[in-house]
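Residue numbers (UniProt numbering), protein chains in the order written: chain A, 1 to 388; chain B, 1 to 388; chain C, 1 to 388; chain D, 1 to 388.
Number of protein chains: 4
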Amino acid sequence: MMTSRELIQLFNDTRTHTEHICSFLETEDYVVQPVVDVSPPKWHLGHTTWFFEEFVLKNNAPDYQIYDERYAYVFNSYYESAGDKVVRSDRGNLSRPTVSDVYSYRKHVTDALLKYLKKENPSEKILEVIELGCHHEKQHQELLLTDIKYIFGNNPLHPVYSEDFEENPIQDFPQEWLEVKEGVYEIGHNKSKDFCYDNELGFHKIYLHSYQISNKLVTNKEYLEFMADGGYLQVLLWHAEAWDWINLHEIRSPFYWHKVEGEWQQYTLKGLKPLNPDAPVTHLSYYEAFAYAQWKGMRLPTEFEWEVAQKNFEWGSRWEWTESAYSPYPFYTKEPGALGEYNGKFMVNQKVLRGGSVATARNHTRYTYRNFFHPHLRWQFTGLRLAK
Amino acid sequence: MMTSRELIQLFNDTRTHTEHICSFLETEDYVVQPVVDVSPPKWHLGHTTWFFEEFVLKNNAPDYQIYDERYAYVFNSYYESAGDKVVRSDRGNLSRPTVSDVYSYRKHVTDALLKYLKKENPSEKILEVIELGCHHEKQHQELLLTDIKYIFGNNPLHPVYSEDFEENPIQDFPQEWLEVKEGVYEIGHNKSKDFCYDNELGFHKIYLHSYQISNKLVTNKEYLEFMADGGYLQVLLWHAEAWDWINLHEIRSPFYWHKVEGEWQQYTLKGLKPLNPDAPVTHLSYYEAFAYAQWKGMRLPTEFEWEVAQKNFEWGSRWEWTESAYSPYPFYTKEPGALGEYNGKFMVNQKVLRGGSVATARNHTRYTYRNFFHPHLRWQFTGLRLAK
Amino acid sequence: MMTSRELIQLFNDTRTHTEHICSFLETEDYVVQPVVDVSPPKWHLGHTTWFFEEFVLKNNAPDYQIYDERYAYVFNSYYESAGDKVVRSDRGNLSRPTVSDVYSYRKHVTDALLKYLKKENPSEKILEVIELGCHHEKQHQELLLTDIKYIFGNNPLHPVYSEDFEENPIQDFPQEWLEVKEGVYEIGHNKSKDFCYDNELGFHKIYLHSYQISNKLVTNKEYLEFMADGGYLQVLLWHAEAWDWINLHEIRSPFYWHKVEGEWQQYTLKGLKPLNPDAPVTHLSYYEAFAYAQWKGMRLPTEFEWEVAQKNFEWGSRWEWTESAYSPYPFYTKEPGALGEYNGKFMVNQKVLRGGSVATARNHTRYTYRNFFHPHLRWQFTGLRLAK
Amino acid sequence: MMTSRELIQLFNDTRTHTEHICSFLETEDYVVQPVVDVSPPKWHLGHTTWFFEEFVLKNNAPDYQIYDERYAYVFNSYYESAGDKVVRSDRGNLSRPTVSDVYSYRKHVTDALLKYLKKENPSEKILEVIELGCHHEKQHQELLLTDIKYIFGNNPLHPVYSEDFEENPIQDFPQEWLEVKEGVYEIGHNKSKDFCYDNELGFHKIYLHSYQISNKLVTNKEYLEFMADGGYLQVLLWHAEAWDWINLHEIRSPFYWHKVEGEWQQYTLKGLKPLNPDAPVTHLSYYEAFAYAQWKGMRLPTEFEWEVAQKNFEWGSRWEWTESAYSPYPFYTKEPGALGEYNGKFMVNQKVLRGGSVATARNHTRYTYRNFFHPHLRWQFTGLRLAK
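Right, here's the structure in full:
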């Protein structure tokens, strides 16, 4: 467990960084929700604040005044047991509270939590919830970046977020196959002093047959070969539901790709740019990652194969789709109460992604981290690594 | 036809008044589109501006510089023959252009049009298009008010638009039945000097059997009697599709009514207020207006009955649903080209409303004016008057 | 009013003819419902039977035994006030009662009604309901033919219904324009001894400006010219909602037309046949009829123009779309109770069709008859006649 | 591999048994498709026949005459690479081919295949496809029973399929917990002489931590306790998507349960019967099975835990939901060509079920058999067994 002093530092850094991410926005950019999976930036600002108010301050901080009773309704996300909430698809329909109101709300809660941390002597249990709240906010920092990318990338004017945000780091080394021997391996987080989510527990054994895994992510150039070979038109490469999905939505390339006068361009947070063939391919669905692997005569690794091999390759620029469905580990137990809704209730019909991305907050990911999304989603910085 | 000087006055007043309506808004309020029928206020500001740029300046004003080529795509509404456009349901997904950009666009076009009107000698045909553009903008002034009401009225914080906007004027006189004799009557606009829309032409004869029409609109108090008698539960009062619709959407009262601690309240542009029993009922669908009339053993007037009798009663606070479907008058012809899309292409599956409302722009309505909406829509200031 | 003897004759003929229409079917053909507007033939057989049981026998015939209490639930169509019913879209999901059961049910009710008519002395009111029931069944005879055509015409095997059913009679005379003078005309059914529906009452006056109307229906050859000129691609010819509809459904020709090896064929009740250029075009929506008229620089007649002129032209092979919305006549009143649901509750968002079709039962239509359908529907034998 | 003689026996038995299942139906029962997951019985009869025609006879049997070229379009299910096909939701819209035609088609193919098997000397590869075709038809035998149950169970008349079909065998012994020790285990089918599907291959090792598994299925009585405790109303027991799903569809009990005058009844293939408290609960979704286990403070076994323990308990009356997502085994490879579509393309977003049910064909299931369905489906004879 962190010391109170470390926690104050973490809390301060986290709150400040969230606001730094938003400092590049115009007021209007905070408001819109162009698709249900994307939330308005002001909602992220309010929701991460509500988390501390609801789960820490409300019932623990002496004399804490709730900023506005109605905000719980506006800023609850999915905690069914914490009361009613705005329907998710309505988040972008709310012009009020204004951005300025939301920043006031943030300040009110930030100040109150710091005062509480400094003046009172919170129990270990509460310190843990505050630490969870910081990691929760770091997750929303990543969502802020990917949601802003969606908001800008689907605007016909293609605005620039920041000229300094580099989302396409090159893996400048030769591709090799790393071999892993058959045997019993240990998986998961050995709950020590360091923070982890409940879905990384408990530490347990699995059996792996021998396999090979690539030291590099698949690049745009490689993915273009798949496209050139008619990969999107070969039914036998695709899952049944994937085939229906790509045809219904006429998907023929990764998300954010635009063919402009015969050349592929990619919308990035720096604006519309020529596609870099050497960058790792990104913004594809699990379906597309799977079809690409099929086309190569290979496969995606399981999350266990990834975790066992990861110390031998670089990772962190793309969330890597794995073949593993998101399921509970053998000794998994949920927290009691609303915080038990954090992870467990999503453990069906989703795929595990491992690693991290250019948008992931600093110190937020780790090799046991289990991210998860529905197989058709593409707005995160997803990518893939082959196994065989 | 107006003189050029009168037209400059009209144009200036119209442009200024649109911006006055928006002066009560926060930046965030300009952006959202909570339902497809409602457009974001900044879209109205841009669209009414695009109208002058597209149909007047672009092809007529010497040296006119288009403000931004991409705005035509953003601000076209339904003129299919004027090029591609943002899908209507996406208007609220666009954070850019910003509100400030849109005001700059307005100023650019306002200035250019004034310069064009003052310096050049526009043909009568072009003056007519400019006059049409002013009336078009007045229509959007009404939509701005009703769309703002929707945006605020569906926000859980129920913001106030303006304490000065009185939307519930009382008809403070006794109810009487006005008698009209059987015979041939003349209907429509006798295209003289004054402006009218093409759908009010041409002047023609119709035959009416004798009828009676009320001098008053139906009030909240009267509508509450219908509700108290289970009007929403009596199937025989409703059209087949109306019955399905009220049950699907669980409609049991007019729009914007809220039962708070046993008392009816109404969201108004002044905020949430106790329902005034003497005010004319408003925000109901044609279906509800029809069912109410059935329940009274009476009926709605046709648009012809309304037009013939109107000089004998007060009107203008509510758009009054009529029994008439929106169809072309006998001598109706469409303008050639895109402006022909203004009215004619909506002449199916809509109902005519007559009169005007508390939100209608000054000098915009007249006794031949034919407004039209789909029978289920309720976000306009609609009301009803009985006939028998 | 008919004599009891005439009514027995009418009843017997009607019941027998319904079964004759079905005599060309296989058992399987009685069961399916390929689209919600089409009902399974066995449902029509049962529903027309239930009508007599529900509205005549149940409450009037002494000692009448209800055949099966559960059938009311299965065979009620839209009489909300007559109890619960199978959801319309579920009619094709019911394999039971079997066809054989339904014929037994028919026999039970037919016999009971004849016995009741012969032995008792029904009041005039009840005789009227029985007469209405016969006309109701005649309407379903037409629906049986059009629904069977839909069932067969949308089956990839394109079965033949009957080699003897001629649906394309030629109008073998030159096209002429009939002139009608301006003035006051009388419209509607002068409720005498003859049967009519409530929507044809009451007899009333209207005013018509002078107009011309064609003595012929538009032919396939003429419609092909519209298609060849890109009629389906010219946005200015179409209503706004029509344009969306034809593009969503990729409609580029009338229903039942198939281009087979470069030649137009038409599915008919005789099977797939080469399109006859001289036959009146059929199976088109109001939207298409309207767009064709626009393209010709003409218009559709109103239902009043049609009624006033009809004695000077042949009609009866196609239901002719008119420009008139389906609205109540000035003196219209609904029956009390469930039978009041027969016509009135559909008087919104539908268009009036006049005339009759090759599928209309003998002695069923008349020049005051007001048929009505939603403007997008095409499975009836619809057609059009121009006016100007 | 089977001998040719054994295969003839298997083929004959399978074809005959399919027709026996249908021998209890009326013609009408063969035709309907009340929901997209359920196919009309005549479609099953035709599809299982088409399988042999398409994958065996067409390209291998000398002089084989295709029965009707158009049937491939009608009876293909999901083999995208084998040509176009009727959209799945349209299967119930086809009255033709008639039931009698389909039986003729069956006879034509059965006879041709027997002739081919007896006269020619098919390669081992082809014999394997024929064996696969028999197992394929056995799968459809189970679907026939569950689809017939759906067709009858959702008909308001609740017809009886057969008084002899016992679907509720009692497990008449005490509940015990079977212990399994931690260690490495072998999983999957050791492809020997016996038939298995490709998804059961290859034989491989997994690691299990120690666990306990029940020797009995959960009973109706036990499930009623969950319901009585408000299990369907406690949000923390449910997956997020499950919670939305049960509320959208107002699911408050297993499928086919009806509360009749205060008592629970269950529709069975014998008709509507009082619920037997001692029978294993059935017709529930994975979501409900999971929520029940949560409520007990336990969990569902993984498919590996089930497979390792299965020799110590009885199974076969219910398909048992497991916690395992349907994923490829380590050495899984797809067949080349259309038969490769048999299993692999469904390996996403589905859950594995183990065991077999009262409707499973004789000799069809085995302890390595991996059945799979989407987590919300309830029309199969599903059930659950607890682990901890």
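Backbone N, C-alpha and C define an ideal beta-carbon position, used for all residues, glycine too.
Legend entry - Backbone CA spacing between C/Leu310 and C/Tyr367 [nearest angstrom]: One point to set straight first is that residue 310 of chain C is Gln, not Leu, in the sequence displayed. If you draw a straight line from the Cα of C/Gln310 to the Cα of C/Tyr367, it is about 7 angstroms long.
Legend entry - B/Ile148 burial status per 10 Å Cβ neighbour count (16 or more: buried): buried
Inset, instruction - Output yes if chain D places a C-beta closer than 8 angstroms to the C-beta of A/Lys205; else output no. - result: True, the Cβ-Cβ gap to chain D drops below 8 angstroms.
Inset, instruction - Kindly indicate the opening and closing residues of the alpha helix (DSSP H) around B/Lys259. - result: Premise fails: B/Lys259 lies in the beta strand (DSSP E), 257-260, not in any alpha helix (DSSP H).
Inset, instruction - With a 10 Å radius around its C-beta and 16 neighbouring C-beta atoms as the bar for buried, classify C/Trp177 as buried or exposed. - result: Label assigned to C/Trp177: exposed.
Inset, instruction - Could you work out which residue in C/Ile151, C/Leu236, C/Tyr207 is closest to C/Asp29 when comparing CA atoms only? - result: That would be C/Ile151, whose Cα lies nearest to the Cα of C/Asp29.
Inset, instruction - Mind checking the region 92-115 of chain A against chain B and listing, in chain order, the residues whose C-beta falls within less than 8 angstroms of any C-beta there? - result: Residues Gly92, Asn93, Leu94, Ser95, Arg96, Pro97, Thr98, Val99.
Legend entry - Below-8 angstroms beta-carbon distance, D/Asn349 vs any chain A residue: Yes, D/Asn349 counts as interfacial toward chain A.
Inset, instruction - For chain B, find out if any of its Cβ atoms is closer than 8 angstroms to the Cβ of C/Trp243; answer yes or no. - result: Taking Cβ atoms only, chain B reaches closer than 8 angstroms to C/Trp243, which makes this a yes.
Inset, instruction - State the Cα-Cα distance for the pair B/Arg354 and B/Phe372, rounded to the nearest angstrom. - result: 8 angstroms
Legend entry - Residue environment, B/Val102, which counts as buried when at least 16 other CB atoms sit within 10 Å: buried
Legend entry - Nearest candidate by alpha-carbon position, reference D/Tyr332, set D/Gln234, D/Phe290, D/Tyr197: Among D/Gln234, D/Phe290, D/Tyr197, the Cα nearest to that of D/Tyr332 belongs to D/Tyr197.
Legend entry - B/His20, buried or exposed, once every other Cβ within 10 Å from all chains shown has been counted against 16: exposed
Legend entry - Residues sharing a beta bridge with C/Pro280, DSSP: C/Thr219
Legend entry - Residues of its chain near D/Gly153, where Cβ-Cβ distance is below 6 angstroms and the 5 sequence neighbours each way are ignored: Only Tyr256, Tyr267 meet the Cβ criterion.
Inset, instruction - Measure the alpha-carbon distance for C/Lys107 versus B/Gly340 and round it to whole angstroms. - result: 59 angstroms
Legend entry - Residues sharing a beta bridge with B/Glu69, DSSP: DSSP output for B/Glu69 lists no bridge partner at all.
Inset, instruction - Specify the secondary structure class of A/Thr49 as computed by DSSP and reduced to three states. - result: helix
Legend entry - Neighbouring residues, chain A, relative to D/Ser81 (Cβ below 7 angstroms): Val235, Leu236
Legend entry - Residue closest to B/Val184, alpha-carbon to alpha-carbon, out of B/Met347, B/Glu320, B/Ala361, B/Val308: B/Val308
Inset, instruction - Answer yes if the region 231-250 of chain A comes into contact with the region 291-308 of chain A, meaning at least three C-beta pairs across the two stretches below 8 angstroms, and no otherwise. - result: The region 291-308 of chain A makes contact with the region 231-250 of chain A; the number of CB pairs closer than 8 angstroms reaches 3 or more.
Inset, instruction - Using the Cα positions of C/Leu224 and B/Val348, report the straight-line distance between them to the nearest angstrom. - result: When rounded, the separation of the alpha-carbon atoms in C/Leu224 and B/Val348 is 25 angstroms.
Inset, instruction - Below 7 angstroms CB to CB, which residues in the same chain sit around D/Arg318 once its five sequence neighbours on both sides are set aside? - result: Leu217, Pro280, Thr282, Gly355, Ser357, Phe381, Thr382, Gly383
Inset, instruction - Kindly indicate if chain A contains any beta-carbon less than 8 angstroms away from that of D/Glu288. - result: no
Legend entry - Contact between the region 9-28 of chain A and the region 133-148 of chain A (3+ Cβ pairs under 8 angstroms): yes
Inset, instruction - Tell me whether the beta-carbon of D/Trp245 lies closer than 8 angstroms to the beta-carbon of D/Asp37. - result: Taking the C-beta atoms as reference points, D/Asp37 is found no nearer than 8 angstroms to D/Trp245.
Legend entry - the region 166-182 of chain A touching the region 87-106 of chain B, judged by at least three CB pairs closer than 8 angstroms: no
Legend entry - Where the beta strand (DSSP E) containing A/Trp315 begins and where it ends: Where A/Trp315 is concerned, there is no enclosing beta strand (DSSP E), given that its DSSP letter is neither H nor E.
Legend entry - Closer than 8 angstroms to chain A by CB, D/Ser327: yes
Legend entry - Inter-residue CB distance, C/Ala325 and B/Ser327 (contact presumed, cutoff 8 angstroms): Sure, about 6 angstroms apart at Cβ, within 8 angstroms.
Inset, instruction - From the DSSP output, read off the bridge partner residues of D/Leu272. - result: D/Tyr267
Inset, instruction - Could you tell me which chain A residues have their CB closer than 7 angstroms to the CB of D/His136, listed as they occur along the chain? - result: Those within 7 angstroms of D/His136 in chain A number zero; the least Cβ separation is about 17 angstroms.
Legend entry - Residues of its chain near B/Thr110, where Cβ-Cβ distance is below 7 angstroms and the 5 sequence neighbours each way are ignored: Same-chain partners within the cutoff: Arg15.
Legend entry - beta strand (DSSP E) segment containing D/Arg354, residue limits: 351-355
Legend entry - Other residues of its chain near B/Ala263: CB distance less than 7 angstroms, five sequence neighbours each side excluded: For the record, residue 263 of chain B in the displayed sequence is Glu; it is not Ala. Within the same chain, B/Glu263 has close Cβ partners Pro274.
Inset, instruction - Report yes if the C-beta distance between C/Phe304 and C/Ile130 is below 8 angstroms; otherwise report no. - result: no
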